[in-house]
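Novice: Numbering (my numbering), first residue to last: 86 to 396.
All residues carry an ideal CB built from backbone N, CA and C; glycine is no exception.
All values derive from a computational prediction rather than experimental measurement.
The structure is given below, and queries will be raised subsequently.
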Amino acid sequence: LALLLFSADFMVRGAVGLARRMGMSSLIIGLSVIAVGTSAPELVTTLTATLEGAPDLALGNVVGSNMANMLLILGVAALLRPITCTPKVIWRDGSMVLAATVLFVVIAMTGIFVLWHGLILLAALLVYLYLTYRAENATTESGLHGHEADDVSGVPERVWVGAVYLLGGLAGTVIGAKLLVDGGVSVAESLGVSKAIIGLTLVAIGTSLPELAIVIVASMRGHSDVALGNVLGSNIFNLLGITGTVAIVAPLPVPGILLSFDIWVLLGVTLLLMPMMLTQGRLSRREGVTLVFLYGVYLAFQSHSIRSMIS
């Protein structure tokens with residue numbers, strides 16, 4: 086997990102450095118490089134788990150990461166500093182998160198994600214990226230995703246250093262994901278619990294830490310809109326980009342435990358978050374406490390499930 090997270094951080098820094106040297110705008114960097122880089126742990130871990138015959142852990146990671154993003158990461162960010170919720174961003178990105186979640190749940194109810202499902206999910210992601218680029222490019226300000234790129238620190242200025250960061254980070258991410266999946270499967274087998282639960286908890290929290298780091302930095306710098314945008318964007322990329330990519334590579338069966346409980350909790354939390362973001366135009370510290378508390382309740386339920394399976 087440590088190797089995965091450090092490698093992802095270096096990969097993002099290297100990619101941002103190279104993108105800047107190529108003359109890419111902050112908006113494009115934020116929409117593409119940052120989005121892919123911070124979601125790289127989830128992507129590589131989910132793909133590795135699927136190819137190694139652990140699809141339960143793979144989908145558990147996607148659902149669990151989104152739960153951690155909305156409840157834990159957004160809650161912690163609101164505790165640090167109330168998050169300003171621009172109505173324009175909420176209606177665009179928030180509505181897309183809700184639509185992506187509904188689409189994910191509908192496909193999951195078929196019991197398996199296959200090639201044509203993956204193509205639909207990736208097409209939806211491309212439409213979102215295009216609409217977001219057009220909307221933010223039309224404004225004179227740096228914009229939400231432009232600030233996201235500007236908040237990345239420790240970016241190498243020399244091309245060769247950026248290339249080393251990028252390639253070394255990519256290699257470390259792949260190796261770290263392999264170790265994380267093997268470790269997660271071993272823990273699940275040793276305890277006699279479902280791999281999906283390990284994916285929903287241990288793996289999901291771990292692979293969400295890059296988003297947590299960016300959100301904390303953005304909150305401390307007063308860019309609360311970036312904190313919110315990163316969480317919403319990460320959820321969209323997880324549901325559409327990661328699940329879509331993996332479904333194209335190999336069929337992705339949906340574990341029964343996700344069908345019966347977790348995808349509905351994910352949908353419920355997404356529906357809860359929308360009015361919270363729209364009320365008074367911000368997420369207050371009190372609402373941050375509520376989100377973190379709800380995540381604690383969710384983890385407590387998963388812990389109870391683990392104890393029940395062991396006994």
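Considering only the alpha carbon of each residue, which of I327, G277, A153 lies closest to L207?
Specialist: I327
Novice: Please classify P360 as buried or exposed, where buried requires at least 16 other C-beta atoms within 10 Å of its C-beta.
Specialist: exposed
Novice: Apart from the five residues just before and just after I192, which ones in its own chain have a Cβ nearer than 7 Å to its Cβ?
Specialist: F198, H202
Novice: For L337, name the three-state secondary structure that DSSP assigns.
Specialist: Reduced to three states, the DSSP call for L337 is strand.
Novice: What residue from L142, A335, L183 has the CA that sits closest to I321's CA?
Specialist: L183
Novice: Can you tell me whether DSSP reads T169 as helix, strand or coil?
Specialist: Reduced to three states, the DSSP call for T169 is strand.
Novice: Going by the CB atoms, is the gap between L255 and M96 shorter than 7 Å?
Specialist: yes
Novice: Specify the secondary structure class of L210 as computed by DSSP and reduced to three states.
Specialist: helix
Novice: Could you tell me whether the Cβ atoms of S150 and S293 are closer together than 7 Å?
Specialist: yes
Novice: Going by the beta-carbon positions, is the gap between L89 and P126 smaller than 7 Å?
Specialist: yes
Novice: Just how far apart, CA to CA, sit R177 and L356?
Specialist: Inter-residue distance for R177 and L356 is about 15 Å (C-alpha atoms, whole angstroms).
Novice: Would you please state the rounded distance, in angstroms, between the beta carbons of P172 and L368? I believe it to be under 8 Å.
Specialist: Contact doesn't hold; Cβ gap of about 13 Å is too wide.
Novice: So for R219, helix, strand or coil by DSSP?
Specialist: helix
Novice: Distance, Cα to Cα, L214 vs A220?
Specialist: Looking at the two C-alpha atoms, the distance is approximately 10 Å.
Novice: What are the complete alpha helix (DSSP H) segments, minimum 4 residues, inside the segment 331-390?
Specialist: Counting whole runs of 4 or more residues, the segment 331-390 contains the alpha helix (DSSP H) stretches 348-363.
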